[in-house]
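To start, the structure itself, in structure tokens.
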Amino acid sequence: MGFFIVLFAVFVFIAYKSTWELTPEEAGFDEAALEAEQKEPFNFGKWLKDVADIFIGYFSTLRNKTFRKYIIIYLLGQSFLDIFGQVWLFFVLYNLNKPVAFGSALLGMALIGEPLKPVYGWIFAKLGPRKMFSLNFAGAIIGLLGLWGLWQTAAQNNTAVWNVMLYVVVVWWLIFRAMTWFIPWNVFPLIPDVDMIMAGENRGGLYIGFQQFARKITAGLSAMAWGWYLGANGFVEEAFKAGKPQPDQAVNAIGNVLVWWIIAGLAIAWIVSFTMKLDKKTDAVLLKEIDRLKAGGKKADVEPETKKIVEQLTGIKYEKCWPQTAE
37 MGFFIVLFAV FVFIAYKSTW ELTPEEAGFD EAALEAEQKE PFNFGKWLKD
87 VADIFIGYFS TLRNKTFRKY IIIYLLGQSF LDIFGQVWLF FVLYNLNKPV
137 AFGSALLGMA LIGEPLKPVY GWIFAKLGPR KMFSLNFAGA IIGLLGLWGL
187 WQTAAQNNTA VWNVMLYVVV VWWLIFRAMT WFIPWNVFPL IPDVDMIMAG
237 ENRGGLYIGF QQFARKITAG LSAMAWGWYL GANGFVEEAF KAGKPQPDQA
287 VNAIGNVLVW WIIAGLAIAW IVSFTMKLDK KTDAVLLKEI DRLKAGGKKA
337 DVEPETKKIV EQLTGIKYEK CWPQTAE
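If you read the sequence shown in this note's numbering, its first letter stands for residue 37, the second for the next number, and so on.
Take a look at the structure:
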């Protein structure tokens, strides 16, 4: 145990020394102002205004064209993975005719995604976000189609070939499911750079706040949606708890949710990802232009290609970017 504590501390120290890039002031943490604010008496009117400002700030992030695309991809991917996790045991029991404990054991193989993260990182660096999204969604959809095929042949679930294929398909799916979680969190650090040239300040905290806020909402809505759909198709929760059969209509509904709903969600995210222009190359162009403007450069002197990239990523005219500097 002591060895792992020391190892953990070493890696935390390495992360601390190698990933910090902003001073507290640049990141928006004015310690003196925060301490002074804490000493002030509670003011309900000011608190209400602060809450309103937070939500106004949240929705101001949607001016960012790249973030609008990113948040659609992120929310669709994560919400439909939620649905998979919530419906999986129903699918194993009623569609694959296997015990619930067996389904839980299969999901335990999700750990396979952990040692693959360095591989994902290498692929991300080589392909960039757009191509890796395509690889991810294509692979995930193939895995879901594999589960559909196993459902259609579940009558043979006592054969060696069918069971081997079940393990193969589940491992395949879990590899790409882990990738669906991995990619957005590696794209996100580039998003505040797009906002920086729009607003002229670092608002990364606002973006992560809105992302998590929207994520909570869609997680709840997705659970309500599939729950309503299964109920409307005759699913009986008490029968599941008692290990009893469900009506055929309910069984088909479970399969539709786990396979076709998720395929539809991932397909929409895939289509949106085709239009993603943000990658390390375009981000480098952004950062170079931000540095030029910080140094007092004039907007009129912008290079045509840089101007084009800025407008593609932000979705607004270059002249409206970096408000500190007028034309």
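Just so you know, even glycine gets a beta-carbon here, dropped at the ideal spot from N, CA and C.
Small disclaimer: the values here were computed from a predicted structure and weren't measured.
Do you know offhand how far residue i's Cα is from residue j's?
| i | j | result |
| --- | --- | --- |
| N292 | A259 | 15 angstroms |
| K75 | F95 | 30 angstroms |
| A190 | V287 | 13 angstroms |
| I326 | G236 | 8 angstroms |
| K134 | V207 | 17 angstroms |
| K167 | M232 | 25 angstroms |
| L98 | W296 | 29 angstroms |
| M201 | W262 | 27 angstroms |
| W184 | D89 | 47 angstroms |
| N79 | D86 | 11 angstroms |
| I41 | L142 | 30 angstroms |
| A300 | Y130 | 22 angstroms |
| E273 | G279 | 10 angstroms |
| F47 | L163 | 27 angstroms |
| K316 | V197 | 44 angstroms |
| G245 | Q192 | 48 angstroms |
| G240 | G93 | 11 angstroms |
| A289 | A320 | 47 angstroms |
| W382 | T350 | This structure cannot speak to residue 382, because the chain is shown only from 37 to 363. |
| F138 | E341 | 56 angstroms |
| V230 | K324 | 12 angstroms |
| K82 | L242 | 19 angstroms |
| L226 | N238 | 12 angstroms |
| V205 | G182 | 6 angstroms |
| W217 | F116 | 11 angstroms |
| L171 | E339 | 34 angstroms |
| K11 | N269 | The chain is shown from 37 up to 363; residue 11 falls before or after that span and cannot be answered. |
| G144 | A174 | 23 angstroms |
| A275 | Q282 | 7 angstroms |
| P154 | I50 | 17 angstroms |
| W209 | N222 | 20 angstroms |
What residue range is occupied by the uninterrupted alpha helix (DSSP H) comprising residue i?
| i | result |
| --- | --- |
| R328 | K316 to K330 |
| A146 | Run containing A146: none; DSSP gives neither H nor E here. |
| Y52 | G38 to T55 |
| Y94 | F80 to S96 |
| T195 | Looking at the DSSP string, T195 is not in any alpha helix (DSSP H), and its letter there is neither H nor E. |
| E341 | P340 to T350 |
In or out: residue i buried (at least 16 other Cβ within 10 Å) or exposed?
| i | result |
| --- | --- |
| G178 | Here the sequence assigns Ile to residue 178, which means Gly is not the residue at that position. The residue in question, I178, is exposed, as its Cβ has fewer than 16 Cβ neighbours within 10 Å. |
| I298 | buried |
| A336 | exposed |
| F249 | exposed |
| L84 | exposed |
| D284 | exposed |
| V346 | buried |
| P359 | exposed |
| K252 | exposed |
| F103 | buried |
| N194 | exposed |
| T318 | buried |
| G113 | buried |
| S364 | Only positions 37 to 363 of the chain appear in the structure, and residue 364 is not among them; the question remains open. |
| F44 | exposed |
| P151 | exposed |
| K356 | exposed |
| P77 | exposed |
| F7 | Lying outside 37 to 363, the shown extent of the chain, residue 7 is not represented and no answer is given. |
| L257 | exposed |
| Y52 | exposed |
| F120 | buried |
| L125 | buried |
| W306 | buried |
| F127 | buried |
Taking only beta-carbon atoms, is residue i less than 8 angstroms away from chain C?
| i | result |
| --- | --- |
| W297 | The question asks about chain C, but that chain is absent: this structure has only one protein chain. |
Just to confirm the assignment: which complete beta strand (DSSP E) runs, minimum length 3, are found wholly within the stretch 233-320? none
Going along the chain, which unbroken runs of the alpha helix (DSSP H) with 4 or more residues stay wholly within the stretch 112-185? 136-143
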